[in-house]
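Sequences listed follow chains A and B, in order. If you use this note's numbering, the first sequence corresponds to residues -18 to 82, in order. If you use this note's numbering, the second sequence corresponds to residues 7 to 598, in order.
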Amino acid sequence: MAVTTQVSNDEKTITIRVEGRFDFTHQKEFREAYKNHCAPGLLFQVELSSTEYMDSSALGMLLLLKEHADSCNSKVILKKPSEGIKKILDMANFGQQFDIH
Amino acid sequence: MTGSPQKAIQETTPPLIRRGKALVVDDDITNRFVLSEFLSIAGYETIEAENGKQAIERYIEQQPDIIFMDVMMPVMDGLESSRQIKAMANGEFVPIIFLTAMTDSDTITRCTEAGGDDFLSKPINIIQLQAKIHSMERIRNVHREIAALHNEIYHEQQIAEHIFTYVITRGNTNIEHIHTLQRPAELFSGDILLTDFSPSRDLHILLADFTGHGLSAALGALPVSEVFHAMSAKGYRIDEILSSINKKLSQLLPTNMFMAVQYVCISHNLEYISVCNCGMPDILLLDRKRKTIKTRIPSRGIPLGIDSEFDFSNIFENRDIEYGDRILLSSDGVIEATNTRGEQFGEQRFEQVLLSAIRKDNTHPYFDDVVHAFDSFCQGSRQMDDISLVEIPCISENIPSWNTQRAMHAIKNKEKSIKDSSKKVDDITDTSSEINLLFNGYCLKNVDPVPLLINHINQLSNTDVPHQDLFVILSELYTNSLDHGILNLDSSLKSNAEGFEKYFSEREQRLNTIDKARIRIIVQMQFHGTGGLFKIIIEDSGSGFNHEYFTSLENKGNALSGRGIYLVKQLCTSLTYFGPGNKAEAVYQWSN
């Protein structure tokens, strides 16, 4: 599966990893990955190191995740985007919306 | 097989239902005969073929509704024949039922791969045959229903698309020198191109790309087009227009939808462009003379519809241009288009193609070259996203240039109205209406009073007012008053690219320091049957400027600054500066 979720031992960090293409076909999987996790102080990490390509609907999904996180008083960070992915995030100036590490 | 075929069928189905044509393919004449008999009793008209090759010929001639196919036959076997028939079926569901004595999984796999829909084991059992016929008919009916629905939807979408495109683009100014390549991935495009003129004939061009593609992406385009045309026609700046569109989209769009945008406004005198890029690939400015990419404007803003409070005033830039420069807008569908090997067209390849195209001789239609190179790269691969490529040459043909034609027209108009009008300028003591506005430092920094004034004047007048002339007069006088009177900016700075940027950044800085400054604008209006007379007074709290120098200049074709005042002089009956130059009074007359 292209989207995998990992919950840390202390249940504070949810890591969502997207492999390969991240596009509209993953809408459901991506939502499933976070929708049941909601608690103040949670950290949603989106692991992008093995994401090869991202389209605008993927950016939209990240915004939905952020909306979810905001409503739970928790945070989203985007981790390890490759150069190509970083470029797409920069083009949309997502640095103003998300922490990117 | 038990009993005669006739008897068996009669026992289970009423005869003489017309079921269409069945093609029976078998090299054994007895098998063909028996199956044909069964089928004709079941209501089929039957045709026969001895081998796979003949089956294809019969299929082409007769277009059967169902095919019964033996596997092993001379000349061409059933597998190859089925593959060819399915390839020719073109979306139509023509069930192929394999007749086979072997039911091992290898045979089943090979038959299914060749396009077989079901199996019938030999020798043929009547009950099984009927069951297969019924199940195939059910599938075929569903198939036909879906195809009919699909057609219907497609047809409706076509009509909707036609109307939709008309609504979106009807406000657009038709500019024949702009070259475009627009290819939607589906019927509806999520990419839109909007064009319009401001009252001063600045050319506004907006290329937008909504999340996704198809109908849902296209719907957001309606409010964008509305706001764009309404505000550009009133003379608002691009950051103000973007801010309004952004607010509207933030209310309207669901969280995961947004609109990336490239926005360019070319000044009427072809001196500079104001440009803004939010979430799109770089906007390129091509230097036609030096045949290079002069400037690229990367995305500095976030796409619209995400953050309703986003401030666009910090991210738009002014760049100077030269006659003949070309502006290139594109959606990400261009650089992300892939070839059959899955490689992207990419930024680098795109720019190489551009440069090699502009390096050919000037008369060559280079845009066609670029499109051609793009097409040969993508040939054979499926288009995944909407594609837009727009090239705007900075030439006077694109800008109905008021600084020659309009000024000439205005001069004629002026002479005429002086002749026509029985009143003299000095006689105006009792004006029919008057607008008197005072702007403080905060307003000067944040509000452009010109669209506001034009709006008021429109509402107060009972006759057609020449907007363009008024816009030019008001905005030139206001800009002089603010830039030179209050901000003390030196317009000779604008003579080269470096100075040009310096001018605007300096302007930005100084605007923050003018809390106590004031500009008063008074417009006195008098209308008569077919025309009227305006007296416009603009007074500022600054220390004036060297107006004598500017007003004395005659031929402004090649001068670096002062064009504005020259134009106002051309349009007006009189233009007078008072005191050190901090009060200007212009009289404008017209008759329709």
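Glycine is no exception: its CB is placed at the ideal position from the N, C-alpha and C atoms.
Taking the Cα positions, Gly58(B) is about 23 Å away from Arg25(B).
Membership of Thr113(B) in the alpha helix (DSSP H) is indicated by the continuous run Ser111 to Glu119. Using a CB distance cut-off of 8 Å, Ser305(B) counts as an interface residue toward chain A. Buried is the label assigned to Lys541(B), since at least 16 other Cβ atoms lie within 10 Å of its Cβ. Within the region 454 to 528 of chain B, the complete alpha helix (DSSP H) runs of at least 4 residues fall at 455 to 466, 473 to 485 and 503 to 517.
With contacts defined by Cβ atoms closer than 8 Å, Cys284(B) and Gly311(B) do not form a contacting pair. Judged by their CB atoms, Cys271(B) and Leu209(B) are nearer to each other than the 8 Å cut-off. Separation of Asn486(B) and Ser439(B) (C-alpha to C-alpha, rounded to the nearest whole angstrom) is 25 Å. Using a 10 angstroms sphere on the CB of Glu182(B), the tally of other CB atoms stays under 16, which defines it as exposed.
Phe5(A) has a beta carbon lying within less than 8 Å of a beta carbon in chain B. Taking C-beta atoms as the reference points, His553(B) and Tyr594(B) fail to come closer than 8 Å. Close to Met263(B), with beta-carbon spacing below 7 Å, are these residues of chain A in chain order: Gly41.
Residue burial is scored here from C-beta neighbours: Lys366(B) has fewer than 16 other C-beta atoms within 10 angstroms and is therefore classed as exposed. In the three-state reduction of the DSSP assignment, Met108(B) falls in the coil class, being assigned neither a helical nor a strand state.
Sequence-distant Cβ neighbours of Cys384(B) in its own chain, meaning closer than 8 Å and more than five residues away, are Ala343, Thr344, Asn345 and Phe351.
Taking a C-beta distance under 8 Å as the contact criterion, Gly339(B) and Ile289(B) do not qualify as a contact pair. Here Glu162(B) carries a helix assignment [DSSP, helix/strand/coil]. The beta carbons of Asp83(B) and Lys27(B) sit no closer together than 8 Å. Just so you know, the alpha carbons of Gln354(B) and Phe75(A) end up roughly 23 Å apart. Of all alpha-carbon atoms in Thr52(B), Glu403(B), Asp375(B) and Ser249(B), the one lying nearest the alpha-carbon of Asn320(B) is that of Ser249(B). Chain-ordered listing is empty here: chain B has no CB closer than 9 Å to the CB of Ser63(A), the nearest sitting near 14 Å. When beta bridges are read from the DSSP output, Gly537(B) appears opposite His534(B) and Ser597(B). Annotation: the continuous alpha helix (DSSP H) that includes Tyr372(B) extends over Tyr372 to Cys384. At a cut-off of 8 Å, the C-beta of Met35(A) has no neighbouring C-beta in chain B. Of the other Cβ atoms in all chains shown, fewer than 16 fall within 10 Å of the Cβ of Lys9(A); this residue is therefore exposed. Close to Ala266(B), with beta-carbon spacing below 9 Å, are these residues of chain A in chain order: Ser37, Met72 and Ala73. Excluding five sequence positions before and after Ser31(A), the CB atoms of its chain that fall closer than 6 Å to its own CB belong to Glu0, given in chain order. Leu45(A) has a beta carbon lying within less than 8 Å of a beta carbon in chain B.
Neighbours of Glu48(A) in chain B, taken as residues whose beta carbon is under 9 Å from its own, are Thr261 and Asn262 in chain order.
Secondary structure of Ser88(B) (DSSP, three-state): helix. Between Gly218(B) and Ser37(A), the C-beta spacing is below 8 Å. If you draw a straight line from the Cα of Val377(B) to the Cα of Leu212(B), it comes to about 21 Å.
Taking the Cα of Tyr372(B) as reference, the smallest distance to any Cα among Leu361(B), Asp381(B) and Ser382(B) is reached at Leu361(B).
Its Cα nearest to that of Ala107(B), the residue Asp32(B) stands out among Gly121(B), Ser382(B), Thr52(B) and Asp32(B).
Distance check between Glu151(B) and each of Gln136(B), Gly587(B), Glu98(B) and Val173(B) places Glu98(B) closest, using alpha-carbon atoms only.
DSSP places Asn442(B) in the strand class (E or B) of the three-state scheme.
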